[in-house]
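**Q** Residue numbers (the working numbering): 1 to 159.
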Amino acid sequence: MTMTHLPSDEVRQNVATLRLDLEGRAAGYWWLAGDWLEQVAFTASPALPEDVAQRFAEATRSVPTSKTDLGIVRAALTHAPAISRVDKLPADAGSGYWLRAFGATRSVAVPLHDLKGKVRAVVAIAIADTDLEDDAVAERILTAVRKWAPWPPLSSDRI
Numbered sequence: 001m002t003m004t005h006l007p008s009d010e011v012r013q014n015v016a017t018l019r020l021d022l023e024g025r026a027a028g029y030w031w032l033a034g035d036w037l038e039q040v041a042f043t044a045s046p047a048l049p050e051d052v053a054q055r056f057a058e059a060t061r062s063v064p065t066s067k068t069d070l071g072i073v074r075a076a077l078t079h080a081p082a083i084s085r086v087d088k089l090p091a092d093a094g095s096g097y098w099l100r101a102f103g104a105t106r107s108v109a110v111p112l113h114d115l116k117g118k119v120r121a122v123v124a125i126a127i128a129d130t131d132l133e134d135d136a137v138a139e140r141i142l143t144a145v146r147k148w149a150p151w152p153p154l155s156s157d158r159i
């Protein structure tokens, strides 16, 4: 069982379904544990080279919140969606590196708040091409996560 109280296979399937629905190159779910983001699930498109997916999964298995060059960390720290765009980031580190490795143009990382407003987790997706605006992607992530019962109740007014 994961910290979400869902079986790990179910969590992975939820993340995979989200990735498919948004036509993402990769998607992941991290639980905030103190000063660390702990990976709960990560799924990659079959078109993504397996070694890239494995390296990312390993590199983000446990991420300190001091690693602010990653969108998942920025989302957790700012309590707001973090948008990372490949054309605005350095190629040699953090989200800029991984977006290029994924063949993605941007990522959207959404913090998940409990009813007290505390960030509990982050869900992120890397996208190649889509007509969806960043806010629409963030809202679709949040809408999907609300269906992942029995997730602790989420605040309805914050993403």
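Glycine residues also receive a C-beta, built at the ideal position from the N, C-alpha and C atoms.
Can you check which of these residues, S84, P46 and A80, is closest to K167 by C-alpha distance?
**A** With the chain running from 1 to 159 in the structure shown, residue 167 is simply not present.
**Q** Let me check one thing: in DSSP terms, what residues is L112 bridge-paired to?
**A** A121
**Q** Under the DSSP definition of a beta bridge, which residues are partnered with G28?
**A** F42 and A124
**Q** State the Cα-Cα distance for the pair H5 and T68, rounded to the nearest angstrom.
**A** Low local confidence applies: a pLDDT of 49 at H5 is under 50, so the model's placement there is unreliable, and no value is given.
**Q** With a threshold of 16 other CB atoms inside 10 Å of the CB of T60, please say whether the residue is buried or exposed.
**A** buried
**Q** Could you give the distance in angstroms between the alpha-carbon of M3 and the alpha-carbon of R140?
**A** Here M3 scores only 42 on pLDDT, less than 50, and its place in the model is too uncertain to base an answer on.
**Q** For A128, which residues from the same chain have a beta carbon less than 7 Å from its beta carbon, with the 5 sequence-adjacent residues on both sides left out?
**A** R25, G103, A104 and T105
**Q** Measure the alpha-carbon distance for A136 versus V108 and round it to whole angstroms.
**A** 10 Å
**Q** Over the uninterrupted alpha helix (DSSP H) stretch that includes V86, give me the two end residues.
**A** That residue, V86, is in no alpha helix (DSSP H); it is neither H nor E in DSSP.
**Q** Given A53, which residues of its chain have a CB within under 8 Å of its CB, disregarding the five upstream and five downstream residues?
**A** The residues are A26, F42 and A44.
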